[in-house]
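J.: These protein sequence lines are chains A and B, in that order. Per our numbering, the first sequence starts with residue 1, numbered consecutively. Per our numbering, the second sequence starts with residue 1, numbered consecutively. Note that the Cβ used here is the ideal one computed from N, Cα and C, for glycine as well. Right, I'll just put the structure down here and ask away after.
Number of protein chains: 2
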Amino acid sequence: MSAKSSVLVHPPLGLFELQLGDYDVVHWPTERKDIRAAITIGHVGISNAMIDALPELGCIICFGVGVDGIDIDYVRKRGIAVTHGREINHEDVADVAMGHIIATARLFSQGERVLREGRWTPPLAVPPQRRLRGMKLGIVGMGAIGKAIAHRAQAFGMEIRWNGPRPKPDVAPAYEPHLLALAAWADVLAVAARGDQAGLIGADVIKALGPQGILVNVSRGSVVDEEALIAALKSGALGAAGLDVFQQEPTPPARWADVPNTTLTPHLGGGTREALYAGSQNVLGNLRAFFAGAPLISPLDAG
Amino acid sequence: MSAKSSVLVHPPLGLFELQLGDYDVVHWPTERKDIRAAITIGHVGISNAMIDALPELGCIICFGVGVDGIDIDYVRKRGIAVTHGREINHEDVADVAMGHIIATARLFSQGERVLREGRWTPPLAVPPQRRLRGMKLGIVGMGAIGKAIAHRAQAFGMEIRWNGPRPKPDVAPAYEPHLLALAAWADVLAVAARGDQAGLIGADVIKALGPQGILVNVSRGSVVDEEALIAALKSGALGAAGLDVFQQEPTPPARWADVPNTTLTPHLGGGTREALYAGSQNVLGNLRAFFAGAPLISPLDAG
């Protein structure tokens, strides 16, 4: 029998699916009951309702690093394996975080608007800005991305502290056990926390960061209380924000139309050719391993 | 006699002039013949015609680092001293250069446009981008700014070579004696050359950089052949450009309206509060020294 194994791809992944010629690619919704593997993007994920409708599902393969669109407890109870793209793009995401730090501190978006709208008047087109050297950078989450941000920020002469669930012996910058204290200390708070901590950056943290403070988020939109963030930017309680991720993606543009001092990018942090290639190779490798009954390449929680 | 010494400030410098209360501030045009000192911004400068109309002029004090708006040979012939703001903002300018490298390589401007115009469609809002790690960065001009760019770019894992009038023993990245060869080798060409080299980055250099190449300029607009740059961006002969400086400033926005793949900032490279404060202190110090007959603090060519 030469029938291809069927694989659910959710959401549809465009040209990437050309690489799945060995499989029968299925999109959601489907009535098929023979699907044993699903490919997804972590922040979209496979819902519990979908899992319930797929009795043969044995493996969920996440394209990127995050798995926040999946109810891990539920999946484990069902005995379904999960893989993800461990450390395929942490430096790319850190580069985008650093880009947002520079763009917000040095008024890139405001400057470009002033220039293109013909409002550049000498001697200064935009107000004087903050010097990066000596600025206090608080990093929330010191995983691979947080470490890569710290490495870059040091070259700019920024002073660095960080917060996370627990101190780490291999990290040079000072550990701050209280997130609120970190926000109060910081000029810039860069969020690189795990995506499963919804609301970690709440109204209190945003208030502590303050009217001169800058919030940069390259983690997941859900980690920041976006309503509180928007309110603080509008009232001036927060200085500026550089965001690559949003509560809902695509984020509705009307939501940001009258929010001042923002630099917004459409979740492109991990979007380099190199990371996408590594991610697709990782997906294909895990898929082949799963159907061959071999050990998965990058199972979740494998260290 | 308590008459104040008169000082020409050209162009007018707004609130900065509040600090000149000890002097009689004069703006151009003027019929006054008693002006002994002039304050200017290097890329605006004091023209030879103005110098001819100011018989008592003995000192031109430049706010920033550059002195490219001044005909140095002519000024020397007339025995007029020139001061500038040596190394008051080189790290700030390097920060903006790095911001432009990230913004152009990672499609910040395109991404923000797509997001704000409601054209973000999953899975990818913008095309896959270039990873900074491993990218080849050619730096033109290895003065204080060039060195600060190299220091930052190393933290991103970029490969660096540079070109300038002559090799320097204290610089680690490899020296490339031929500018054209540097452009052909580079993925990104960052221009941090002295401002008095008009047309240094001509059509040939831009062509060598090529359809995937990125040009970043934080030096002076005159250093790049802007007509050739715009033509190359429009035809696709050059990939992208991040520009903080322009041939004419303010640059007419219509000039850039239909030029693709550009990130434009309105000459804010040296625009931090810290640099502007250091610059104003430097101006006041040189002014006081000049009128006291004491040695100038930062005369041009003093090393």
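Strictly by DSSP, which residues pair up with R161 (chain A)?
T.: Paired residue(s): A:G138 and A:A174.
J.: Using the beta-carbon of each residue, which ones in chain A are nearer than 7 Å to M98 (chain B)?
T.: Per Cβ cutoff of 7 Å: I102.
J.: Tell me the residue span of the beta strand (DSSP E) that contains I201 (chain A).
T.: No beta strand (DSSP E) contains I201 (chain A), which DSSP labels as neither H nor E.
J.: Pick helix, strand or coil for Y23 (chain B), following the three-state DSSP scheme.
T.: Y23 (chain B) falls in the coil class under three-state DSSP.
J.: Kindly list the residues whose CB is nearer than 7 Å to the CB of G285 (chain B), restricted to its own chain and excluding five residues on each side of it in sequence; keep chain order.
T.: For G285 (chain B), where only same-chain residues beyond five positions count, the Cβ hits under 7 Å are I297.
J.: Given that I41 (chain B) touches chain A, what residues does it touch there, using C-beta distances under 7 Å?
T.: In chain order: P123.
J.: Checking contacts by CB at 8 Å: is G303 (chain B) closer than that to chain A?
T.: Legend: pLDDT at G303 (chain B) = 41, less than 50; position of this residue unreliable, value from coordinates given subsequently. Chain A, which has no Cβ nearer than 8 Å to the Cβ of G303 (chain B), makes this no.
J.: Are the segment 223–235 of chain B and the segment 100–116 of chain B touching by the rule of at least three beta carbon pairs closer than 8 Å?
T.: Counting Cβ pairs under 8 Å, fewer than three are found: no touch.
J.: Report all residues from its chain with a CB closer than 7 Å to the CB of Q247 (chain B); omit the five preceding and five following residues, and keep chain order.
T.: So the qualifying residues of the chain are G221, S222 and E226.
J.: Use the C-beta contact count for S235 (chain B): other C-beta atoms within 10 angstroms, 16 or more gives buried, fewer gives exposed.
T.: With fewer than 16 other Cβ atoms within 10 Å, it is exposed.
J.: Express the C-alpha separation of A49 (chain B) and T30 (chain B) in angstroms, rounding to a whole number.
T.: Their backbone Cα atoms lie some 12 Å apart in a straight line.
J.: Excluding the five sequence neighbours on either side, which residues of its own chain have a C-beta within less than 6 Å of the C-beta of L54 (chain A), listed in chain order?
T.: Cβ within range, chain order: I35.
J.: With N217 (chain B) as the anchor, note down where its beta strand (DSSP E) starts and where it stops.
T.: Taken as a continuous stretch (DSSP letters only), the beta strand (DSSP E) holding N217 (chain B) covers I214 to N217.
J.: Let me confirm a value: A97 (chain B) is counted as buried when at least 16 other C-beta atoms fall within 10 Å, else exposed. Which label applies?
T.: Answer is buried; the Cβ neighbour count reaches 16.
J.: Taking 8 Å as the cut-off, does the segment 183–200 of chain A touch the segment 130–150 of chain A (at least 3 CB pairs, one atom from each stretch)?
T.: Cβ pair count under 8 Å is three or more, so yes.
J.: I need the boundaries of the beta strand (DSSP E) containing I148 (chain B), first residue and last residue.
T.: A small fix is needed here, since residue 148 (chain B) is Ala in this sequence, not Ile. It is not in any beta strand (DSSP E) - A148 (chain B) instead sits in the alpha helix (DSSP H) that spans A144 to A155.
J.: Could you have a look at P299 (chain B) and say whether DSSP puts it in helix, strand or coil?
T.: Three-state result, P299 (chain B): strand.
J.: Tell me which residue opens and which closes the beta strand (DSSP E) that I61 (chain B) is part of.
T.: Counting along the chain, the beta strand (DSSP E) containing I61 (chain B) begins and ends at C59 to C62.
J.: How about the segment 238–252 of chain B and the segment 271–286 of chain B: do they share at least three Cβ pairs that are nearer than 8 Å?
T.: Result no; under three Cβ-Cβ pairs closer than 8 Å.
J.: DSSP puts Q129 (chain B) in a beta bridge; with which residues?
T.: In DSSP, Q129 (chain B) forms a bridge with A:T272.
J.: Output, in chain order, the set of chain A residues within a Cβ distance shorter than 7 Å of R133 (chain B).
T.: The answer, in chain order, is E91.
J.: Checking contacts by CB at 8 Å: is Q154 (chain B) closer than that to chain A?
T.: True, the Cβ-Cβ gap to chain A drops below 8 Å.
J.: If the cut is a Cβ gap below 7 Å, which residues of chain A does D95 (chain B) touch?
T.: Within chain A, the residues near D95 (chain B) are I102, R106, L132 and F156.
J.: H27 (chain A) versus chain B: which residues are under 9 Å apart at the beta carbon?
T.: Correct list: empty, because the minimum Cβ distance to chain B is about 13 Å.
J.: Could you name the residues of the same chain whose beta carbon sits closer than 6 Å to that of V216 (chain B), not counting the 5 residues immediately before and after it, in chain order?
T.: Excluding residues within five positions, the ones whose Cβ falls inside 6 Å are A97, H100, I101, A190 and G242.
J.: Apart from the five residues just before and just after A103 (chain A), which ones in its own chain have a Cβ nearer than 7 Å to its Cβ?
T.: These residues qualify, in order along the chain: S109, G242 and T263.
J.: Return the residue from the list A:V82, A:L180, A:S47 and A:T251 that minimises the CA-CA distance to P295 (chain A).
T.: With distances taken between Cα atoms, P295 (chain A) lies closest to A:V82.
J.: Taking C-alpha atoms, which residue in B:W185, B:V205 and B:C59 lies nearest to G293 (chain B)?
T.: Nearest C-alpha to G293 (chain B): B:C59.
J.: For my contact list, A208 (chain B) and A183 (chain B) are in at a C-beta cut-off of 8 Å; report their separation, rounded to the angstrom.
T.: The pair is a contact, with the Cβ atoms about 4 Å apart (cut-off 8 Å).
J.: Taking only beta-carbon positions, decide if L229 (chain B) is within less than 8 Å of chain A.
T.: Chain A, which has no Cβ nearer than 8 Å to the Cβ of L229 (chain B), makes this no.
J.: Rounded to a whole number of angstroms, what is the C-alpha to C-alpha distance between R32 (chain A) and A3 (chain A)?
T.: Spanning the two alpha carbons is a distance of roughly 14 Å.
J.: With a threshold of 8 Å between beta-carbons, can E17 (chain A) be considered close to chain B, or not?
T.: No, its Cβ sits nowhere closer than 8 Å to a Cβ of chain B.
J.: Strictly below 8 Å CB to CB, what residues from chain A border T83 (chain B)?
T.: What T83 (chain B) touches in chain A: nothing, since even the nearest Cβ is about 18 Å away.
J.: Quick one: which chain A residues come within Cβ less than 8 Å of Q248 (chain B)?
T.: Chain A residues near Q248 (chain B): none, gap ~11 Å exceeds 8 Å.
J.: Output the residue ranges of the alpha helix (DSSP H) runs that lie fully inside the segment 62–114 of chain A and measure 4 residues or longer, sorted by chain position.
T.: The segment 62–114 of chain A contains these whole alpha helix (DSSP H) runs: 72–77 and 90–105.
J.: Let me confirm a value: E176 (chain B) is counted as buried when at least 16 other C-beta atoms fall within 10 Å, else exposed. Which label applies?
T.: Classification of E176 (chain B): buried, given that the 10 Å Cβ count is 16 or more.
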